[in-house]
Each structure stands twice: as structure tokens, then as C-alpha cells.
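These protein sequence lines map, in sequence, to chains A and B.
The opening residue of the first sequence carries number 849 in the numbering used here; numbering runs sequentially from there.
The opening residue of the second sequence carries number 1091 in the numbering used here; numbering runs sequentially from there.
Note that the Cβ used here is the ideal one computed from N, Cα and C, for glycine as well.
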Amino acid sequence: MKNKKRIVMDAEGIDRSLTRIAYEILEKNKGLNDLVLIGIRTGGVYLAYRLRKKIAAIEGIEVPLGILDITLYRDDLSRINKKPRIGKTEIAFSLDNMKVVLVDDVLFTGRTIRAAMDALIDFGRPRLIQLAVLIDRGHRELPIRADFVGKNLPSSLWEDVSVNLTEKNGADEVVIEPETEE
Amino acid sequence: MLGIRDLSREEIILVLDTADSFIEVSTREIKKVPTLRGKTIVNLFYEASTRTRTSFEIAGKRLSADTINISSTTSSVVKGETLIDTARNLEAMNPDVIVIRHSAAGAPHLLAGLVKQSVINAGDGAHEHPTQALLDMMTIRAKKGRIENLRIAIVGDIAHSRVARSNIYGLKTMGAQVAVAGPATMLPRDMEHMGVEVHSSLEKALAGADVVMMLRIQIERQHQNIFPSLREYARHFCLNRQNIALAKQDVLVMHPGPINRGVEIAPEIADGPFSVILNQVTNGVAVRMALLYLLTGGKG
């Protein structure tokens, strides 16, 4: 096993992927009527803001954007000892009859997305929910797939995939590396 | 969770941050999250309570836990069952959290030593009322943006007040300056050791205060001769339009409830623009949700 980290996507790559995803969202939904973006804390939130900017650059309109923290909906809370910190959920609009595009950085087991969908449905009855992710690394444990994917990244279960963003931790890059020993 | 005295600054901040995130759940149309599904919370109340008991019950229910209320007047306590026997029987039904209010200081500690469940103190005698202090600190932080270096006056029957005691521990830990005021019969002798200023006049404690916490005068204690009459108490210690001018212009007025209008606080102040009394109640649900979330599940 190669024991060092590899950059699999750089800043330009991330930007091009997001531009393409923005166009695909508009194409698939035939414009932005009733369209809202919901970013999943924390990585998905930054990507949702970037997508909103890209969509605004194309269509000239800012779509509503919400922030979702899925911690309260996790399926492993009673198994873990230390409770994860809870972030704020900020969805200042009704989701009834809206077309919701969920945004996250990495799609992996699908459990986060399951939790996110349960949470969204507590906020109303969206007309549909779509999923946009920057990286799909496989290894699904639930029947979930993304509608918009930046890059399919075949990975081993013993590797960590992280999306670094300037808003979060310095440089725009997607990194894959052997799992860090705990 | 037995008292604020045991909590570090970091632990208090964790509870307050978590509570801030829980505020949003109570504003939803569907005010419920599945976090504590399948957990059972017993509210064991040996003393009368509206706010605290309801607040714990709502907090548990909004987290999808099953909450059961036991009050002393309708339970086997009236048949003479002791706290220890009640606790062992409750434990045998395997709840996850026991919330207890008791007139005897130390009752929650006794209970925590007996049962394997998490125990939350909802007020024990004149000892501590930690969830009240946490919701008070949450309210102050939300309105002022900080607790550190604020001047906070606590006024009333300090000696018999678990609210005052828990708040003093918490506020000192968070770096606030605390001044207390009350008639000499209501001030404990060892007060200075807690690191607070002690005043026998309301005006001195109010001077320059960022926050004023008025305590409820326990009318039921009047027969113990600690104050001559409500009217005399009100003449010296009622927060009103005149004396509030001594505090800072943006002072917050707080009260743990239930309020005695015209005794410790004038109605126009309780309902006035400085009052955050109802914000305290709203925040109480969030603080209790935060504690229930943090205290259930794995051990550690």
C-alpha cells in the first residue's frame, strides 16, 4: 500500500465540476422554479453556497438556501459513547411542494443522506428531493444514489477521502489517503 | 447532572452551545426529532412545579423519548414509601433518565448513588437548581453575547434559594461579577467566600448592573419570621421603575418564576421592555433538551 496522501482533484477540477453540476441542476429541473438548495453540515454547506453563486451567474437569480444538521437523525447515536456536537439547522422557508437539491461533499454509505431525507420531511412535503455530491466514493449500505456527481472516486474502505475547501480548511482539493490510525 | 458546582467552564459552554442548536427544533411546525426514540425519562417530583416539570416533559417529548411524570401527591409517597424504595422500584422498570425534585438538599445525590440511570437534579431543597442556572446563563449569553465581566445582581432570599446558589457557581465559573442583595435574615453568613459582593440594600446591588435576577419571595416561609411583612419587603426590595434606573440602560430583568407581582417585582417591570422572563422559559426547554441529549446513550 502506498502510504501517502494523493490529491485526486485540485481547485480547478472542483470548480469545473461545480459549474457542470449547476448546469445539470438547471437542465434537469427545467430552470429554477420552486428550486431550493439544502447544504448538509459542514462540507455540504460551503458547496451549496458555491452552487448558488454559479446558478445565479447563469440565471441571474439567487435560489433559497438552507442549512441542515443531521446529527439528531443519526442511526448510531445510541451506540456511540461521546455525543457529537449539534450544529444549527437553518431552513427559513417552507419545503412544501419545493424541489429540494440536497448538497453534500462526499457520498459514502448513504446513511447521512437517509438521515437528511428524514429530517427534510419533518420540515414539510417537498415535491421531490435530488442529491448533488462532489465525490461519490462507493460502498453504499443503503439503496441511495446521487442525481449529480462531481467525480466518481473508487476507493478502498481503508482509505479516507476528504474534501478540503478554502472556506473550511485552507486549499481547494480532494485528498485520498490511508486511514489514520486512531 | 447534580449541580453546577461540579461543572467546568468548558462543560457549561458545551451545554449552552448544544442548547442554542436545539432552539430551532421548538420553532418547527413538527416540533419533534427522533433522537431519543425508545428512551424513557421519569420525572419524579416531590415538590410542586409548573415550569420545570412541564419543561422537562416537553423537552423529552420533542426528542421522542417517553416521559412519565410522578408527583408525590398522587404516588405511593402518600402511603409512606421512602425515596430509596421508590427509586429501587423505578430502577426495576428500567428507565434511562430520572429527573428529580425534592425538598431535601442532597436527595438527587442519594438517588444517583442508588440507581444506574442518569440522574438530573431539578431542584433539591435550598441546595442547587442546575437547569435553572443553565437556562439563565443561556438567556444572558443570547442577549448580551457573553457572560464574562458582566455585572449581575441577584436580589431576594439568597439563603433559601437554590436558584441563587446554582447561578452564583455558574456565573463565577463563567467569569461574571456577582452582587447579591437582600434583608440580613435572607443572606447566608458565609456569602463572601463564594466570591460575591454582599449588599443589604437593593440600590447598591443595582448600581451599574447588566443583569438583575429577582428571586421569588417564598410567601410560605413568612411564618418563619425572616421578614415582618410582604409590604415591608416590597418597600425595600421591589424592583420598580425608579430603582431600575440605577442599573445600566440596557439591563436585563430576569426572574425564575413564579412571580409575586408587586412583592419582588412591579408588574410594569415584569411585563416591561427589559424583562426576558418569558425568554427564560423558552430557553428552559432547549437547555433541558441539550442535557437529555448529552446524558443519554453510552456511558462516559
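Exercise. Taking the alpha-carbon positions, what's the Gln1308/B to Arg1127/B distance?
Worked result: 39 angstroms
For this session: Please confirm whether Lys1262/B and Val1270/B have their CB atoms less than 9 angstroms apart.
Result: no
Exercise. Nearest CA to the CA of Ile1160/B: which residue from Asp1186/B, Pro1198/B, Ile1131/B, Ile1148/B?
Worked result: Ile1131/B
For this session: Taking only beta carbons into account, state which residues of the region 932-945 of chain A come closer than 9 angstroms to chain B, listed in chain order.
Result: Arg933, Ile934, Gly935, Lys936, Thr937, Glu938, Ile939, Ser942
Problem set entry | Thr1386/B, DSSP secondary structure in three states | coil
For this session: Please state whether DSSP places Phe1039/B in a helix, a strand or coil.
Result: Summary: the structure shown does not reach residue 1039/B, with chain B confined to residues 1091 through 1390, and so no result is reported for it.
Exercise. Going along chain A, which residues have a C-beta under 9 angstroms from Val1123/B?
Worked result: Leu920, Tyr921, Ala967, Asp970
Exercise. Buried or exposed: where does Val1245/B fall if 16 or more other Cβ atoms within 10 Å of its Cβ makes it buried?
Worked result: buried
Problem set entry | Classification of Asn929/A by the beta-carbon crowding that lies within 10 angstroms, buried from 16 upward | exposed
Exercise. Which stretch, first to last residue, makes up the alpha helix (DSSP H) that contains Lys1294/B?
Worked result: 1292-1296
For this session: Report the partner residues of Met1304/B according to the DSSP bridge assignment.
Result: Val1245/B
Exercise. Are Ala904/A and Val911/A close, meaning C-beta to C-beta below 9 angstroms?
Worked result: yes
Exercise. On the three-state DSSP scale, how would you describe Asn1239/B?
Worked result: coil
Exercise. Can the beta-carbon of Met920/A be found less than 9 angstroms from the beta-carbon of Thr1229/B?
Worked result: Met is not the amino acid found at residue 920/A; the sequence shown has Leu there. For Leu920/A and Thr1229/B, no; Cβs fall outside 9 angstroms.
For this session: Could you tell me whether the region 941-955 of chain A touches the region 1148-1155 of chain B, using the rule of 3 or more Cβ pairs below 8 angstroms?
Result: no
For this session: For the region 862-919 of chain A, list the beta strand (DSSP E) runs that are entirely contained and at least 3 residues long, ordered along the chain.
Result: 883-888, 913-916
Exercise. Nearest to Asn1451/B by CA position, among Leu1320/B, Ile1359/B, Arg1351/B, is which residue?
Worked result: Because chain B is modelled from 1091 through 1390, residue 1451/B falls outside the range shown and cannot be assessed.
For this session: Establish whether the CB of Leu925/A and some CB of chain B are separated by less than 9 angstroms.
Result: yes
Problem set entry | chain A within 9 angstroms of Val1209/B, Cβ atoms only | no
Exercise. Comparing the C-beta of Thr1082/B with each C-beta of chain A, is any distance below 9 angstroms?
Worked result: With chain B running from 1091 to 1390 in the structure shown, residue 1082/B is simply not present.
For this session: Let me know if Glu1354/B comes out buried or exposed under the rule of 16 or more other beta-carbons within 10 Å of its beta-carbon.
Result: buried
Problem set entry | Interface positions of the region 949-968 of chain A facing chain B (Cβ-Cβ less than 9 angstroms), listed along the chain | Asp966, Ala967
Problem set entry | Residue-chain proximity (Asp1020/A, chain B), Cβ-Cβ < 9 angstroms | no
Exercise. If you check the beta carbons only, do Leu990/A and Val1022/A fall under 9 angstroms apart?
Worked result: no
Problem set entry | Neighbourhood of His1192/B by C-beta, 6 angstroms cutoff - its chain only, sequence neighbours within 5 removed | Tyr1136, Asp1214
Problem set entry | Three-pair Cβ contact test at 8 angstroms for the region 1246-1259 of chain B versus the region 1218-1233 of chain B | yes
Problem set entry | Simplified DSSP assignment, three categories, for Pro974/A | coil
Problem set entry | Bridge partner(s) assigned by DSSP for Val1209/B | Ile1188/B
Exercise. Where does Val1123/B sit, in a helix, a strand or coil, going by DSSP?
Worked result: coil
Exercise. Are the C-beta of Ile862/A and some C-beta of chain B separated by less than 9 angstroms?
Worked result: no
Problem set entry | Near-chain B residues of the region 977-992 of chain A (beta-carbon distance less than 8 angstroms), N- to C-terminal order | none
Exercise. Would you report the Cα separation of Gly861/A and Lys876/A, rounded to the nearest angstrom?
Worked result: 22 angstroms
For this session: Give the straight-line distance between the Cα atoms of Glu1310/B and Ile939/A, rounded to the nearest whole angstrom.
Result: 47 angstroms
Exercise. Measuring CA to CA, which of Leu1201/B, Glu1101/B, Asp1110/B is closest to Leu1134/B?
Worked result: Leu1201/B
Exercise. From the beta carbon of Ile1120/B, is the nearest beta carbon of chain C less than 9 angstroms away?
Worked result: Although the question refers to chain C, the structure presented lacks it and instead comprises the protein chains A and B.
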